[in-house]
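So the number in our numbering is just where the residue sits in the sequence shown, counting from 1, plus 151. For every residue, glycine included, the Cβ atom is placed at its ideal position computed from N, Cα and C. Model, not experiment: these values are computed from the prediction. This report concerns only the one structure given below.
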Amino acid sequence: MTVRAPRNCPEEDPGSGLSRMETLLQCTGPATRSVVLMRRAGERLGLERTVIDELISPQEIVVFRLPCKILGRVILFWGVMVLHSNARGPYKGGIRLAADVDVWETAELARLMTLKTAATDIGFGGGKTGIRVDMAEMYRTFGRTARDRDFEKIITLDVVEYFASAYRDMFSKHIYIPAPDLSTGPDEMAFIYNETGDPASVTGKPEGTHGWLPGRRESTGYGCAFAALQVLERVLHRDVQGSRIAIQGFGNVGQPLATYLSDCGARIVGVTDAFGGTYSEDGLDIPSLVGHAARTGTVAGFGETPLTQEALLQLDVDVLIPAAVGHVIHKGNAGKIRARAVVEAANMPTTMDAMAILEQRGIAVIPDILANAGGVIASMEEYSHSLSARKVAPEEVFQMIRSRIGENLDLAMNLSSELGITLTEAAIQLAVERVYQVMVRRRYI
152 MTVRAPRNCP EEDPGSGLSR METLLQCTGP ATRSVVLMRR AGERLGLERT VIDELISPQE
212 IVVFRLPCKI LGRVILFWGV MVLHSNARGP YKGGIRLAAD VDVWETAELA RLMTLKTAAT
272 DIGFGGGKTG IRVDMAEMYR TFGRTARDRD FEKIITLDVV EYFASAYRDM FSKHIYIPAP
332 DLSTGPDEMA FIYNETGDPA SVTGKPEGTH GWLPGRREST GYGCAFAALQ VLERVLHRDV
392 QGSRIAIQGF GNVGQPLATY LSDCGARIVG VTDAFGGTYS EDGLDIPSLV GHAARTGTVA
452 GFGETPLTQE ALLQLDVDVL IPAAVGHVIH KGNAGKIRAR AVVEAANMPT TMDAMAILEQ
512 RGIAVIPDIL ANAGGVIASM EEYSHSLSAR KVAPEEVFQM IRSRIGENLD LAMNLSSELG
572 ITLTEAAIQL AVERVYQVMV RRRYI
């Protein structure tokens, strides 16, 4: 693993409110969920400890300082780019902007991308970029008080534009193929395309842009919906008609996820987001809820029965789908989960302690590296079609998602049954074995 940091960077003004480099490099690498599960998988495969360490460790970590001119002022942002593995293809992973970005979370997310692309057997590796953008600090810096989405958009677009300029060569050479993530979307990806002039250098581009992919925006939610349908049919032996679903999160993943499941006949009885939630025993009117969220920016205030985050997690439902942030199902609440199955639409929404509790209670978990892989599967299609003039229909993209998730879910379920391990452990083992085999062939190890 190589770690590079910026040179000759002057210290920030202690009163500036901006993050010091030391807060990014918080500590030695923790034993995270993916680290523990990859190590167990490697041991089951009979791999030497040094080989397992190579599979776990990122190939390169780049800590950078990004100067950006925003509304006439130069603002300096710390960031980290983790390039975990390119054994099976170019580094692939999103660009996220958040106040709490740190090295180890970014490394965990990059590692998760390697596992996700390997678990679904597509030709990408794993990477991730995090840039510390504290929007509350930006409001203070520019003397603004009222929420202004246009102001926030200026910040995110400018940061990504300067980032694209700084790493243009890497993107142009397809060393690392970025995509949208937290606080970034198609508009930000367009700036990377503008910088490189290469439609294959980035995925998640805006509709109508050269190389964009119909169905890409809905792809992650669609894949999660397909995973939920699979668990209803194959694990719970439950008909989708009238099944009860609860969804935490109603953004780019949660909205299409809820729409597809509702269209299939499922009852979406509870939905929450960062500002509140809503519940209906008979099932929410999802088209009306989508319209309400578009007008108000939240699901809060819809319907007659409000719902808290913790109450949603404890609903008596067939399938609980955390589709917002990580670590929401933990040791403190896993014993209160009443769902028959959990589909991980968010990245790492279930902690290791909680996974053990859910297993003991017989609650099935469809892991994130399969459940939310629809986005990266669609990204592979977008990447491969970017230089082609052939039009791709959304159904063609959705069929590829169904095929990739379905085939590899079959393999994981069979391995789980054969070895007596959880579905999460089985999916991780499939991914680890695939990465290991290619690393051997390429003389990486």
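Name the DSSP beta bridge partners of LEU217, please?
DSSP lists PHE228 as the bridge partner or partners of LEU217.
Do LYS243 and PHE293 have their C-beta atoms closer together than 8 Å?
It is not a contact, given that the beta carbons lie outside the stated cut-off.
For ALA563, collect the residues of the same chain with a Cβ closer than 7 Å to its Cβ; drop the 5 residues on either side in sequence, then sort them by chain order.
Answer for ALA563: LEU521, LEU574, ALA577, ALA578, LEU581, listed in chain order.
Cα-Cα separation between PRO438 and ARG418, rounded to whole angstroms
A straight-line Cα-Cα distance of about 13 Å links PRO438 and ARG418.
Within 8 Å, strictly: CB atoms of CYS219 and VAL310
Their beta carbons are under 8 Å apart, which means CYS219 touches VAL310 by this criterion.
Does DSSP put ASP424 in a helix, in a strand, or in coil?
ASP424 carries a strand assignment under DSSP once its states are collapsed to helix, strand and coil.
State the CB to CB distance for the pair ALA378 and ILE572, rounded to an integer number of angstroms; the pair is presumed to be in contact (CB under 8 Å).
In this structure ALA378 does not touch ILE572 by the C-beta definition: roughly 19 Å separates them, more than the 8 Å allowed.
ALA261: which of LEU308, TYR595, THR183 sits nearest, CA to CA?
Taking only the C-alpha atoms, the option nearest ALA261 is THR183.
Is it buried or exposed for HIS443, if we count other Cβ within 10 angstroms and need 16 for buried?
HIS443 is buried by the Cβ-count criterion.
Are there three or more Cβ pairs, one per stretch, closer than 8 Å when the segment 298-305 is compared with the segment 499-509?
Contact between the segment 298-305 and the segment 499-509 is absent, because fewer than three Cβ pairs lie under 8 Å.
When the Cα atoms are used, what is the spatial distance from PRO457 to GLY427?
Distance between the alpha carbons of PRO457 and GLY427 is about 7 Å.
Quick one: using the 10 Å Cβ neighbour count with 16 as the cut-off for buried, is THR201 buried or exposed?
By the neighbour-count rule (16 or more Cβ atoms within 10 Å), THR201 is not buried but exposed.
Within the segment 468-529, ranges of the beta strand (DSSP E) (whole runs, at least 3 residues)
Taken in chain order, the complete beta strand (DSSP E) segments of 3 residues or longer contained in the segment 468-529 are 470-473, 492-494, 515-517.
Could you give the C-beta distance for ALA474 and ALA496, rounded to a whole number, given that I count them as a contact under 8 Å?
Between ALA496 and ALA474 the Cβ distance is about 4 Å, and since that is below 8 Å, they are a contact.
Contact test: MET590 Cβ vs the ligand GTP heavy atom, cutoff 7 Å
No copy of the ligand GTP occurs in the structure displayed, which carries no ligand at all.
Using C-beta distances below 6 Å, list every residue in its chain close to ASP332, excluding the 5 sequence neighbours before and after it, in chain order.
Contacts found: GLY245, ILE246, ARG247.
From GLY402, TYR595, ASP204, ARG555, pick the residue whose C-alpha is nearest to that of LEU440; which is it?
Cα-wise, what sits closest to LEU440 is GLY402.
Using CA coordinates, which residue listed in THR459, MET286, ASP436 is at the minimum distance from ILE221?
For the options THR459, MET286, ASP436, the alpha carbon positioned closest to that of ILE221 is the one of MET286.
If we ignore side chains and look at the alpha-carbon of each, how far apart do ARG298 and ARG291 end up?
Taking the straight line joining both Cα atoms gives about 12 Å.
Count the C-beta pairs between the segment 420-435 and the segment 340-358 that are closer than 8 Å, then say yes if the count reaches three, no if not.
Using a Cβ-Cβ distance cut-off of 8 Å, the segment 420-435 and the segment 340-358 are not in contact, since fewer than three pairs of beta carbons, one from each stretch, lie closer than that value.
With a threshold of 16 other CB atoms inside 10 Å of the CB of VAL225, please say whether the residue is buried or exposed.
Exposed: under 16 other Cβ atoms inside 10 Å.
Supposed close pair PRO365, VAL543 - CB separation, criterion 8 Å
Taking C-beta atoms under 8 Å as the contact rule, PRO365 and VAL543 qualify, at a distance of about 6 Å.
For PRO407, count neighbouring C-beta atoms within 10 Å of its own C-beta (all shown protein chains included) and say buried if the count is 16 or more, exposed if not.
The residue in question, PRO407, is buried, as its Cβ has 16 or more Cβ neighbours within 10 Å.
Within 8 Å, do at least three Cβ pairs link the segment 549-564 to the segment 583-592?
No contact exists between the segment 583-592 and the segment 549-564.
If VAL404 sits next to GLY448, beta carbons under 8 Å apart, how far is it from one beta carbon to the other, in whole angstroms?
For a cut-off of 8 Å, the C-beta gap from VAL404 to GLY448 is around 16 Å, too long to register as a contact.
Going by other Cβ atoms of all chains shown within 10 Å of its Cβ, with 16 needed for buried, is THR459 buried or exposed?
Exposed, since its Cβ has fewer than 16 Cβ neighbours within 10 Å.
Do VAL233 and ALA258 have their beta-carbon atoms positioned less than 8 Å apart in this structure?
Judged by beta-carbon spacing, VAL233 lies within the 8 Å limit of ALA258, meaning their Cβ atoms are closer than that value.
Mind checking ALA250: buried by the 16 CB within 10 Å criterion, or exposed?
By the neighbour-count rule (16 or more Cβ atoms within 10 Å), ALA250 is not buried but exposed.
For the beta strand (DSSP E) holding GLN580, just list the boundary residues, first then last.
Here GLN580 belongs to no beta strand (DSSP E); instead the alpha helix (DSSP H) covers 574-592.
Bridge partners - LEU234, DSSP secondary structure assignment:
Bridge partners of LEU234: GLU211, GLY278.
Around the C-beta of GLU558, are 16 or more other C-beta atoms found within 10 angstroms, so that it is buried, or is it exposed?
GLU558 counts as exposed, since fewer than 16 other C-beta atoms from the protein chains shown sit within 10 angstroms of its C-beta.
Under three-state DSSP, which class holds ARG239?
It is coil, neither helix nor strand.
Ordered list of beta strand (DSSP E) runs contained in the segment 305-393, each at least 3 residues
Runs of the beta strand (DSSP E) inside the segment 305-393: 327-331.
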